[in-house]
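The structure appears below as structure tokens.
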Amino acid sequence: MRPLFMVAMMLMPLTRVCAQETAAADATQEPAKPDAAKPEAAKPDATQPAAAASPVPATESWLTGWIDLGYRWRTDVGGNFDAYRTFVNLGSGPKLLGAEFTLIDPKRRWFDKIRVRAYSWGGEPYQTVHVDAEKSKLYRFSADYRDIAYFDFLPSYADPLLSRGILLNEQSFDTHRKMGSYELDLFPAKRIIPYLAYERDSGTGTGATAFVTSANQFPVPNTMYDLTNLYRGGVRIELRRFHATLEEGGTTFKDDQSVFQNSGTNYGNVLTPALGQITSLTGLLAAYGIGGSSIYSKALFTANAASWLDLYGQFLYSQPDSSVNYQQKVAGNLLLQSPLLFYTSQSYLLSASAKLPHTTGTLGAEQRALNRIRITESWLTDRLHNSGSASSNSIFTSSSTSQQIASVLSSSLVNNYNQAEIDVFYDATSKLMLRGGYRYVWGEESDAVLPAAGLVSSDQARLRRNVGLGGLRYRPIQKLSLTAEAEVASSGAADFRTSLYNYQRVRAQARYQAIKSLNITADFTALLNNNPVAGVNSNYRGQQESLSLFWSPAKVWNFQGSYTRSTIYSSLSYLDPGTLQMLPSIYRDNANAATALFNINLPRAAGSKITAGGSLFTSSGSRPTTYFQPIVTLWLPVTKHISWFGEWRYYGYGETLYPYESFHASLVTTGLRLTR
Amino acid sequence: MRSTNAALLCAILALAALQATGQPAPPYVGSEACGLCHEDIAKAFTKSPHHLVDIDKKRGWDGKACESCHGPGQKHADSTSPQDIRNPLKLAAAAADKLCLTCHLNQPTHVGRLQSSHAKDAVACTTCHKVHADGPDGLVVRKPAAVNEQCSGCHLNVWAQFQRPNHHRLPEGAMSCVDCHNPHGSFRPAMAQTFAANEPGCFQCHGDKRGPFPFEHEPVRFEGCGSCHEVHGSSNPRMLARQSVQYLCLQCHANLPTVNKTRTIGVVPPSFHDLRSPVYQNCTVCHQKIHGSHVDRNLLK
């Protein structure tokens, strides 16, 4: 709530100044001049009524806008309240549901215009406020702040205790992410535009996680706090035939997570004895002290090298780094499997660091040497090299002995990605555009942690892909347009088993205004991906068909609705780690989603209307789910500047395979809109 | 013969030059004349950022902003026929865009234009931008809900994914499509936004996943969040691409290690991972730092 309050406090003096100035301006304003003041020569035809009846602009109010204040009641949530909080999380209480207003300084001394919009304040999970202020040719300022509550407690995600009848998510959290973004442009619309910006992103909250040891995992609470500050500044040079943007920026980062257990005995997820003993945790304090920073540079340019040639390019370089001081103290009856050791306490210290220089460059050109043909060429390289190191020291203590284990690890990760593409656009007629092109993608990736341990010490992969591109846009009449595009690719290597390999991607869309009051849009997309390499044998088919329409046959009512059907089928083999036998993994998702909204303007009461509709989602396959949200809203004007509104909304969520996560709830909201 | 040809060429060029200089000035009528008939548009236009074209002499169109896009208007003013004036809405998309880019190409917004699928599919600037409009949204909608409505007008199937229970908070109005996508184009796939120059835009909000980590999980760096998450929305928890964690992880962790350089990344887990046990069916219970770890090579803490 604090940022909204601060913005309101900042604006209050301004509103007073503006109110005084508007009053003064109103008092001194001369009577409007008649149309005769307009130059006679400019009038095309004296018989045209529009020319004769040009009204005088009315005086603008210094403040215009609206604010919605209301109260919401939530019924008892039927079913799983945690799932309700995960998906919806709306509560009861007084709310500032929304506000939008524009403030004008008639004398344009400090600003020309300030626009503010704020939504969902008063304990809501999505609180946002945005402010734009500008003074012509001098500055443009924007501020954006969001406070989003993230709650997640779905046992189906991480509950190894479900077979014991315990509903728990060992990776759950209840956090807020607060994001602020503030940018100031100086001398907008001039040729040289300096700018400064500051962004801040923080997350705070609590959650549950698991403390992992060799033979057991112990669900424990944790607290989270991370903060990223980003500072940047630069200059845009916008000339008639050339533009360059130069920017320097940097970030600071910290992540202070702590995991703890203060009292009691925690027997963890594994109750079966290990080597004859049941393991347990009686005390834990683990603290992550993570800090980081980065610098980055950015250079962009565009140019009209000739009337038939445009050039584009960018060079981007960033180098984030991080350093870690991790401390952990553990007590209990715990087992270390290698070397085999039961211990009652452990003290663990680790310091680590990582540095990730990352360079990106692009170049492109658009040529229009021929009248109907455009050729675009682009090239991209993205090179990312991370290197890290960690040194740790661990002391295990048991009733009879003490053992120290130290280790030093180094890591590296390399990703070199390159892409070159050429496209030819041909305007066959003024109504038909055809295009064809070719893209080649290549790269190398590797990842290693040394000294080696386990099955693999380093991963390496290559990327080689040839892609054919095609598309068309056809607009035979103003009311009808058709767009289609296709990609067909063949690969020689890929990073992952699920990566795009030999694939075909198609998209088609049609938009048609059947009659003046009816607009129809249809959309089709499909992706077929296949990797026939022995040991992979992956097969993916995804397809979506959508239809939407907007129908407004009368002023009294209109309807908008959409329907989408989507299907996903994925088949992949995997090795069972225990048996090393090849097993199939098949994923299916057949989904239907629909949205509908009827708007009815009530007769005999200007400004009053009823809106009814909502959304519906059902799916079958690997995770059958239903989720529907009907809504009815009623608006009634009370006076010229006050309207009353009421809203009923329902949330229903059902899981066939995980019925314990289902819920339903009704919400009723009522309030007033004050308009000026 | 050669000298005759040269003389003839010179004569033609001279004639052409004479003709060019002898042509009357372009028949512009000025914005004020346009406003006499197109009153509403003219009124809104005075509050539009484009009004700068009309009042800034340096741009060369002072008093003629309308004709900077619509072309000389004298003929249309005389006849009042729509046929006698250029209407960018009725032009082919490339021709309409060329008009806009006459002024706007040389701006940072358009650096990624060649990678933009909007440009490739001939989605004209005026599909999203209102050239004359005033109001809180100015030339283009800014409110998150309005942005989402505009994008979903074409991207129906994407909007349908947000109707799924696990989704980014777009239907709630807390986010908009342009928070993640740059509609003018980006060097990243799917026209994704970037953060701190060239990092994925996802890190703007998910700063705790940014790293760099001494122990990275390769998909995050090589293919991005979309390799495991359905980033618009999913029926599965955490917007995962599979119904449960184990099937997602096993997609990649299903190979025996080999020395073949062309193989894919990811090896089968050690044999103690008994997938019949609930403990091992929930991979992230142990491998909780799945986006990368500052502490543990196996992403356990």
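Chain order of the listed sequences is A and B. One point on numbering: in our numbering, the residue at position 577 of the first sequence is 577, and numbering is uninterrupted. Add 1000 to a position in the second sequence, counting from 1, and you land on the number used in our numbering. Cβ coordinates follow ideal geometry from the N, Cα and C atoms, glycine included.
Quiz prompt | For A/Arg439, the residue or residues it bridges with in DSSP | solution = Numbered from its first residue, the first sequence carries residue 439 of chain A at position 439. Answer by DSSP bridge pairing, in chain order: A/Glu421 and A/Val467.
Exercise. Determine, using beta carbons only, whether A/Lys355 comes closer than 8 Å to chain B.
Key: As a first step, residue 355 of chain A is located in the first sequence; it is residue number 355 there, counting from the start. So yes, A/Lys355 belongs to the interface.
Exercise. Pull up the distance between the alpha-carbon of B/Arg1263 and that of A/Ala493, whole angstroms please.
Key: Taking the first residue of the second sequence as 1, we reach residue 1263 of chain B at position 263. Taking the first residue of the first sequence as 1, we reach residue 493 of chain A at position 493. So the two alpha carbons sit approximately 8 Å from each other.
Self-check item: Close-in-space but distant-in-sequence residues of the same chain around B/Trp1159 (CB under 7 Å, 5 per side omitted)
Solution: Position 159 of the second sequence holds residue 1159 of chain B. Excluding residues up to 5 positions away in sequence, Ser1152 lie with their Cβ nearer than 7 Å to the Cβ of B/Trp1159 in the same chain.
Quiz item: Quick one: any contact between the region 123-141 of chain A and the region 84-98 of chain A, if contact means 3 or more CB pairs under 8 Å?
Solution: Three or more pairs of CB atoms, one per stretch, sit closer than 8 Å, so the region 123-141 of chain A contacts the region 84-98 of chain A.
Practice problem: With B/Val1220 as the anchor, note down where its alpha helix (DSSP H) starts and where it stops. | Solution: As a first step, residue 1220 of chain B must be located in the second sequence, where it is residue number 220. Where B/Val1220 is concerned, the enclosing alpha helix (DSSP H) starts and stops at Glu1218 to Phe1222.
Quiz item: Measuring CB to CB, does B/Val1131 end up less than 8 Å from B/Cys1069?
Solution: On the second sequence, position 131 is the one that residue 1131 of chain B refers to. On the second sequence, position 69 is the one that residue 1069 of chain B refers to. Yes.
Quiz item: If the cut is a Cβ gap below 9 Å, which residues of chain A does B/Asn1087 touch?
Solution: Position 87 of the second sequence, counting from 1, holds the residue named residue 1087 of chain B. In chain order: nothing, as chain A lies at least about 10 Å away.
Exercise. Output the boundary residues of the alpha helix (DSSP H) element that contains A/Ser389.
Key: Position 389 of the first sequence, counting from 1, holds the residue named residue 389 of chain A. Note, A/Ser389: premise wrong, no alpha helix (DSSP H); beta strand (DSSP E) at Ile373 to Thr397.
Quiz prompt | Beta-carbon spacing of A/Ala352, A/Val324 below 8 Å | solution = For the purposes of this step, residue 352 of chain A is taken as residue 352 along the first sequence, with counting starting at 1. For the purposes of this step, residue 324 of chain A is taken as residue 324 along the first sequence, with counting starting at 1. Taking 8 Å as the Cβ cut-off, A/Ala352 and A/Val324 qualify as a contacting pair.
Quiz item: So, helix, strand or coil for A/Val77, using DSSP?
Solution: The residue given as residue 77 of chain A occupies position 77 in the first sequence. In the displayed model, A/Val77 falls within coil according to three-state DSSP, outside both helix and strand.
Quiz item: According to DSSP, is A/Phe663 helix, strand or coil?
Solution: On the first sequence, residue 663 of chain A is found 663 positions in, with the first residue counted as 1. Strand.
Quiz prompt | Beta-carbon contacts of A/Thr675 that lie in its chain and below 6 Å, excluding the five residues immediately before and after | solution = To locate residue 675 of chain A, count along the first sequence from 1; it is residue 675. These residues qualify, in order along the chain: Trp66 and His641.
Quiz prompt | Cα-Cα separation, A/Gln346 to A/Pro273 | solution = Here the question's residue 346 of chain A lines up with position 346 in the first sequence. Here the question's residue 273 of chain A lines up with position 273 in the first sequence. Rounded to whole angstroms, A/Gln346 to A/Pro273 spans 20 Å at the Cα level.
Quiz item: How is the beta strand (DSSP E) around A/Thr176 delimited, first residue to last?
Solution: Counting from one through the first sequence, the residue named residue 176 of chain A turns up at place 176. Residue identity differs from the one stated: residue 176 of chain A is His in this sequence, not Thr. First-last of the beta strand (DSSP E) with A/His176: Phe173 to Leu186.
Quiz item: Would you report the Cα separation of A/Leu572 and A/Gln581, rounded to the nearest angstrom?
Solution: The residue given as residue 572 of chain A occupies position 572 in the first sequence. The residue given as residue 581 of chain A occupies position 581 in the first sequence. Roughly 13 Å separates the two Cα atoms.
Practice problem: Kindly indicate if chain A contains any beta-carbon less than 8 Å away from that of B/Tyr1028. | Solution: Translated into the one-based positions of the second sequence, residue 1028 of chain B becomes position 28. Chain A contact via Cβ: absent.
Self-check item: Beta-carbon proximity of A/Phe187 to A/Tyr150, cut-off 8 Å
Solution: Taking the first residue of the first sequence as position 1, residue 187 of chain A is located at position 187. Taking the first residue of the first sequence as position 1, residue 150 of chain A is located at position 150. Result no, Cβ atoms of A/Phe187 and A/Tyr150 do not sit closer than 8 Å.
Quiz item: By the 10 Å Cβ neighbour count, where 16 or more other Cβ atoms means buried, how is A/Leu230 classified, buried or exposed?
Solution: Against the first sequence, residue 230 of chain A aligns to sequence position 230. Burial check for A/Leu230: the Cβ neighbour count within 10 Å reaches 16 or more, so the residue is buried.
Quiz item: Hey, out of A/Ala197, A/Gly652, A/Arg241 and A/Leu285, whose CA is closest to A/Trp308's CA?
Solution: Along the first sequence, read from residue 1 onward, the residue named residue 308 of chain A stands at position 308. Nearest option by C-alpha distance: A/Arg241.
Practice problem: Could you please give the first and the last residue of the uninterrupted alpha helix (DSSP H) stretch that includes B/Asp1054? | Solution: Your numbering for residue 1054 of chain B matches position 54 in the second sequence. Element bounds for B/Asp1054: His1051 to Ile1055.
Quiz item: Between the Cα of A/Thr682 and the Cα atoms of A/Ser662, A/Ser643 and A/Glu661, which residue gives the shortest distance?
Solution: Outside the displayed range of chain A (1 to 676) lies residue 682 of chain A, so it cannot be described from this structure.
Quiz item: From what residue to what residue does the alpha helix (DSSP H) around A/Pro584 run?
Solution: Here the question's residue 584 of chain A lines up with position 584 in the first sequence. Taken as a continuous stretch (DSSP letters only), A/Pro584 belongs to no alpha helix (DSSP H), being part of the beta strand (DSSP E) at Met582 to Asn601.
Quiz item: Quick one, which of A/Ala303, A/Phe342, A/Tyr288 and A/Leu311 has its alpha-carbon nearest A/Gln327's?
Solution: Locating residue 327 of chain A in the first sequence gives position 327, where the first residue counts as 1. The shortest C-alpha separation from A/Gln327 is found at A/Tyr288.
Quiz item: Would you call the CB atoms of B/Val1245 and A/Tyr540 closer than 8 Å?
Solution: The sequence position of residue 1245 of chain B within the second sequence is 245, counting from 1. The sequence position of residue 540 of chain A within the first sequence is 540, counting from 1. Cβ atoms of B/Val1245 and A/Tyr540: not closer than 8 Å.
Quiz item: Is it right to say A/Leu409 is buried, meaning 16 or more other beta carbons lie within 10 angstroms of its own, or is it exposed?
Solution: Here residue 409 of chain A corresponds to residue number 409 of the first sequence, with the count starting at 1. Buried, because 16 or more other Cβ atoms sit within 10 Å of the Cβ of A/Leu409.
Quiz item: Once you ignore the five residues that flank B/Ile1085 on each side, which residues in its own chain have a CB closer than 8 Å to its CB?
Solution: One-based indexing of the second sequence puts residue 1085 of chain B at position 85. Residues of the same chain with a CB within less than 8 Å of the CB of B/Ile1085, apart from the 5 flanking positions on each side, are His1070, Gly1071, Gly1073, Lys1075 and His1076 in chain order.
Quiz item: Could you give the residue range of the beta strand (DSSP E) that holds B/Gln1161?
Solution: Reading the second sequence from its first residue, position 161 is the one you call residue 1161 of chain B. Premise fails: B/Gln1161 lies in the alpha helix (DSSP H), Leu1156 to Gln1161, not in any beta strand (DSSP E).
Quiz item: Going along chain B in order, which residues have a C-beta closer than 7 Å to the C-beta of A/Asp310?
Solution: For the purposes of this step, residue 310 of chain A is identified with residue 310 of the first sequence, where counting begins at 1. What A/Asp310 touches in chain B: Leu1105.
Exercise. Spell out a yes or no on whether the region 1106-1122 of chain B and the region 1195-1211 of chain B are touching, meaning 3 or more CB-CB pairs, one atom from each, closer than 8 Å.
Key: The way I'd put it, the region 1106-1122 of chain B doesn't touch the region 1195-1211 of chain B; fewer than three beta-carbon pairs between them come closer than 8 Å.
Exercise. Assuming B/Gln1204 contacts A/Asp201 (C-beta within less than 8 Å), just tell me the rounded distance between them.
Key: For the purposes of this step, residue 1204 of chain B is taken as the residue at position 204 of the second sequence. For the purposes of this step, residue 201 of chain A is taken as the residue at position 201 of the first sequence. Rounded, the Cβ-Cβ distance is 7 Å, consistent with contact.
Self-check item: Contact under 8 Å by Cβ, B/Phe1213 with B/Ser1116
Solution: Mapped onto the second sequence, residue 1213 of chain B falls at position 213. Mapped onto the second sequence, residue 1116 of chain B falls at position 116. Taking 8 Å as the cut-off, the beta carbon of B/Phe1213 is found no closer than this to the beta carbon of B/Ser1116.
Exercise. Can you tell me the Cβ-Cβ gap for A/Gly652 and A/His664, rounded? I've got them flagged as a contact below 8 Å.
Key: Sequence index remark: in the first sequence, residue 652 of chain A carries index 652 (1-based). Sequence index remark: in the first sequence, residue 664 of chain A carries index 664 (1-based). Between the beta-carbon of A/Gly652 and that of A/His664 there is about 4 Å, and that keeps the pair under the 8 Å contact cut.
Self-check item: Run of the beta strand (DSSP E) containing A/Asp255, from where it starts to where it stops
Solution: Along the first sequence, one-based indexing puts residue 255 of chain A at 255. Secondary structure note for A/Asp255: its beta strand (DSSP E) is the uninterrupted segment Phe242 to Asp255.
Quiz item: Anyone know if the C-beta pair for A/Ala118 and A/Thr128 falls short of 8 Å?
Solution: Within the first sequence, the letter at position 118 stands for residue 118 of chain A. Within the first sequence, the letter at position 128 stands for residue 128 of chain A. A/Thr128 is positioned such that its CB atom lies closer than 8 Å to that of A/Ala118.
Quiz item: For the alpha helix (DSSP H) that contains A/Pro219, what are its first and last residues?
Solution: To locate residue 219 of chain A, count along the first sequence from 1; it is residue 219. It is not in any alpha helix (DSSP H) - A/Pro219 instead sits in the beta strand (DSSP E) that spans Gln217 to Glu238.
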